[in-house]
Structure formats: structure tokens, C-alpha cells
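Below: one structure, written as C-alpha cells.
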Amino acid sequence: MAKTHVTATINGEETEFLCDGQQTMLDVLRDEMGLTGSKEGCGSGDCGACSILVDGRLVCSCLMFGAEAEGTDIMTIEGMADGDKLHPLQQKFLEHAALQCGFCTPGVLVASKALLDKNPNPTEEEARYWLAGNLCRCTGYDKIIEAVMDAAAEMRGE
Amino acid sequence: MYAPTFAAPQSVDEAVRMLGADGAKPLSGGTDLIVQLKSGRNRPAAVVDLKKIPGLVGVEETSDGFVIGAATAGAQLGEHAGLVAAYPGIVEGAELIGSTQVQGRASLAGNLCNASPAADSIPCLAAAGAIAVVVGPNGEREMKVSEVPAGPGRTNLAKGEFIKCFKLKKPTANSSDAYLRFIPRTEMDIAVVGAGVNITRDGSSGPIKSATVWLGAVAPTIVEVDASCIVGTSLDDAALAKLDAAAQSVCNPIDDKRGTVEYRTKVAGVLARRAATIAFKRAGER
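Top line first, the protein sequences correspond to chains A and B. The numbering used here puts the first residue of the first sequence at 1, with every later residue one more than the last. The numbering used here puts the first residue of the second sequence at 1001, with every later residue one more than the last.
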């Protein structure tokens, strides 16, 4: 089977990879690039644990073929912190204990970043609807929402 | 191991040639196709990504109305202020599909050609009289959006044909639309019933001049409701009751875990009334 050669920017670095026609972007990230922060919860776009940004747009990496990444700019959870300095969302998730098992957390963080990039001052309702595609079995969501709202306030300088 | 070939043609002609091959499937957002491919329900020999073709992604406002690329994602529709103002119902239908993540990919053409009777973006497209521009081995042709679905999972497109774009006419004065669906949850579910209504009023405070109503999820394809009973009215209670009855009369739904035949039929009448009320109000504001 002929593989597709893909060049994409992943977390700021120009990256090349080969993939076949049934590999999703999630398969490529985890199996070819060793970027295992993005999780496979369902593999069908229901849970959001594999959320990434493609050209700034929030998508499930399990619902995108790796071959579609040609020429795109991709951000995964591994690109969220600035070296050792956590992103404000990551810091607030720790402070609010907005996670327990942590499996959904990378996806929730990436989705939350996409929300605040687009809308720095969301209402709680907007945040809850935006994150409706990120399932969490542990927290009951309240702590996640508290952390997102707190991070948003801090990023606005309040 | 199964793996389809992958190609991302740069032109419609190239895509037509590739999709003429046996087992080739067009890819736009992939939110249905990839799930079907992974589950084994759909195993195309070739996947042809249409998104690199100029014009296949994006909304263009023209002097006649709007041209929407077939592979344009729901989120992109919601970001086009002109389209949201002209056809709020079409946009709200598209933006109800799946999660934020799914809306970043899922397209109108995919929603139409996946041919689920419950597809949320289709009733309002049909109510607006949207045209699908179809290309294939025999050239280009136009179809009404309402003529594309043939039944669950089946379309009236011929072998090798795919949708290039949708055309929406410029809305007339005092016209607008609305879409409502019922789901048991607040988000992330498949419509039990959907209702799309497009209304034109005779002046901003006048009665209804014309109305088009389509229902989803109550028959093998979307179905049109005879909305002549509300034309000439200002949606008083008697007119709404007639619309409710007209909507119920065209329902031919299935019984399943989401709703019984009786329940779906009853809800169809309710949603037709409510969506008409919203569209009527919006039409007066334009």
C-alpha cells in the first residue's frame, strides 16, 4: 500500500511523516510521532479526548485522516505549555483540581484554549456548551468550568 | 490490512476523474465517513478529499445571494455575518450538528449526502429552495436540495457525481427562517424531529405572503408540509392549529428508542408551530 508523504507544522516545528489511507491524525500523532498526550477515548468523535487545533480550528483528531494534515498548522496538548511554564489553563486546572483520572484532560485543555482564543470572556453557559463535546467521567464538570472561567479572568488581567 | 488510497485533487475536473473509479468516495468533513470506515460499514477503495479544490470551502456573497462550498464546515457558516443575517435557520441547523469539534469539520454536503433522515441542516436548506450544484462524469447539473436524499443512507446522485456547492438566492425583504429540533438531551444528540420554516411577510408587520415548511426525522427523507393554511394569516391560533395538523398529516416516522410513531408525529406539529412563530418574528425584523 502506497503511503502518503505529509509535511505539516506540529507545535511550531515543521514535521514530515508517512501515513496510509486509514490512519487518522490521532493514529499519526500517537503511533508515528510519539505524541501520546492526545487520547483515544471513543474513536468516533463523541468524547473529545483527542482534541487538537488544526489551523486554529478545534477538531477531533480521530475524525481526520493523517493525510489531510498536508500544509496545516497543528497544535496538540504537547504544544500548550511554554517550555516549563504552564499555560494559565493548565495552572488553573491544577489549582482547582479540575481532573481526577486525567484521561479527558488534554482534550479539555485544548478545547478550552480554542474557546478562549475565540472568546476571551465567555459566560459560564457558553463555556459549558463549547465543552459539551468533551466527556469527563470523574469531575462532574463543575471544577473544569470553574478552572476555565478563572483562567479566562486571569488571562484578561482581572 | 484494509487501507484506502488517499488523494487531494486541486481541481473539480481532477476530482471527477478520480471519483469515476469504482469504490471511490468523496471526503469533505469526514465526521460520518471516517466513523463508517473505521467500523467497517463503509470501506471505500479510494478517499478523495475535496477540500483542496478552490471554491469547495467557504461562503461567497454574490449579487444574487450566496454560494456555499460543499465542504464548508458548520462553524464557518456561523462565522459569516451576512449568511447568519439572511438565513439564521440554515446556520442554526448546521450549528446543532455534534460538538464544537464536529462543527469544525462537518459540512452541508456531507450532511446531505450521508442522507440521514434526521440531518439537521437539511430542512431549512430545502425550505429556502437551496440548489445543489452537482458535478460528475456527464458534466454539471443543478438539483433542488430536497431532491437529493432518496432514503436513509441513499441519494439520487449518479455514480461518480458529487456536490460542488450550494446556491441560495438573495432573501427578499421581510423574509427569514428558523430551525428547531427536539432531542432528549441539551446537546450532542440526533434529532427525534426537526422542523425548518422559511417565511416571507407582506411588509414588516404584515401577514404571511409565502411559507415553506419541511420536517426531518419523521419519514425516510425530509418531507414538505403544505403550508398554504398559514399564508395570508398573521399566525393566529387558528392558523397555528391548521399548521400543526398539516405537519402531523405528512409524518411517516419509525418507532425507535428515540420516540414512538405517535410521539414523533405529535412533536412534529409542535415544532412546526414554534419554528413558524420564530421565523415569522424574524421576518418582521428584516
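A virtual CB, placed ideally from N, CA and C, is assigned to each residue, including glycine.
Taking the beta carbon of methionine 64 of chain A as reference, the chain B residues within 8 angstroms of it are Gly1030, Ile1034 and Arg1105, listed in sequence order.
Residues Leu1050, Lys1051, Ala1070, Ala1071, Ser1107, Ala1109 and Gly1110 of the same chain have their beta carbon placed closer than 7 angstroms to that of serine 1028 of chain B, with the five preceding and five following residues left out of the count.
With respect to glycine 1151 of chain B, threonine 1221 of chain B sits close: the two C-beta atoms are nearer than 8 angstroms. The DSSP assignment places 1059–1061 and 1065–1069 as complete runs of the beta strand (DSSP E) inside the region 1048–1112 of chain B, in order along the chain (cut-off: 3 residues). Under the Cβ distance rule, leucine 89 of chain A does not count among the residues neighbouring chain B, no pair being separated by less than 8 angstroms. Below 8 angstroms, enough C-beta pairs join the region 1198–1209 of chain B and the region 1158–1176 of chain B to call them touching: three or more. The straight-line gap separating the alpha-carbon atoms of leucine 1157 of chain B and valine 1148 of chain B is approximately 7 angstroms. For the pair threonine 1155 of chain B and threonine 1005 of chain B, the Cα-to-Cα distance works out to about 24 angstroms.
Look at glutamate 158 of chain A here: in three-state DSSP terms it is coil, with no helix or strand label. Setting aside the 5 residues that flank it on each side, proline 1253 of chain B is surrounded in the same chain by Val1218, Val1261 and Arg1264, each with a C-beta closer than 6 angstroms to its C-beta; the list follows chain order.
Sequence-ordered contacts of the region 1002–1017 of chain B with chain A read Tyr1002, Ala1003, Pro1004, Thr1005, Phe1006, Ala1007 and Ala1008 [C-beta pairs closer than 9 angstroms]. In this structure, the straight-line span from the alpha carbon of alanine 1118 of chain B to that of alanine 1191 of chain B is close to 6 angstroms. Taken through DSSP and simplified to helix, strand or coil, aspartate 1256 of chain B comes out as strand. Listed in chain order, the positions of the region 38–55 of chain A with a beta carbon within less than 7 angstroms of a beta carbon of chain B are Gly43, Ser44, Gly45, Gly48 and Ser51. Around aspartate 20 of chain A, the beta-carbon contacts reaching into chain B at under 7 angstroms are Ala1003.
Between glutamate 32 of chain A and phenylalanine 17 of chain A the beta-carbon gap is near 5 angstroms, inside 8 angstroms, which marks them as a contact. Approximately 7 angstroms separates the beta-carbon atoms of valine 1145 of chain B and isoleucine 1122 of chain B; this is inside 8 angstroms, confirming the contact. Shortest Cα-Cα distance from glutamine 90 of chain A to any of A:Leu109, A:Glu70, A:Thr76 and A:Thr24 involves A:Leu109. Put simply, the backbone Cα of valine 54 of chain A is about 6 angstroms away from that of aspartate 73 of chain A. Here phenylalanine 1066 of chain B is near valine 1059 of chain B, since their CB atoms are less than 8 angstroms apart. Straight through space, the alpha carbons of valine 1267 of chain B and leucine 116 of chain A are spaced by roughly 37 angstroms. For glutamate 124 of chain A, the closest Cβ of chain B is not nearer than 8 angstroms.
For arginine 1258 of chain B, the CB contacts under 6 angstroms within the same chain, skipping 5 residues up- and downstream, are Val1192 in chain order.
Shortest Cα-Cα distance from serine 1210 of chain B to any of B:Val1134, B:Ala1279, B:Leu1180 and B:Arg1274 involves B:Ala1279. Under DSSP, methionine 1143 of chain B takes part in a beta bridge, and its partners are B:Ala1132. Restricting attention to B:Ile1068, B:Val1047 and B:Gly1104, the CA atom closest to the CA of alanine 1075 of chain B is found in B:Gly1104. At a cut-off of 8 angstroms between beta-carbon atoms, glutamine 1101 of chain B makes contact with chain A. Cβ neighbours of alanine 1045 of chain B within its own chain (closer than 8 angstroms, five residues either side excluded): Pro1004, Thr1005, Ala1021, Asp1022, Gly1023 and Ala1024. One finds nothing in chain A with a Cβ atom closer than 8 angstroms to the Cβ of glycine 1069 of chain B; even the nearest lies about 15 angstroms away. Where aspartate 117 of chain A is concerned, there is no enclosing beta strand (DSSP E), although the alpha helix (DSSP H) around it starts and stops at 105–118. For the set B:Pro1088, B:Lys1159, B:Ser1099 and B:Val1135, the Cα lying nearest the Cα of alanine 1128 of chain B is the one of B:Pro1088.
DSSP, reduced to helix, strand and coil, places threonine 9 of chain A within a strand of the structure shown. Put simply, the CB of glutamate 1092 of chain B is far from chain A, with every gap to its CB atoms at 8 angstroms or more. At a cut-off of 8 angstroms, the C-beta of glycine 1058 of chain B has no neighbouring C-beta in chain A. A:Cys60 is the residue among A:Leu29, A:Gly56, A:Cys60 and A:Lys113 whose C-alpha sits nearest the C-alpha of glycine 43 of chain A.
Counting along the chain, lysine 39 of chain A sits inside no alpha helix (DSSP H), nor does DSSP assign it H or E at all.
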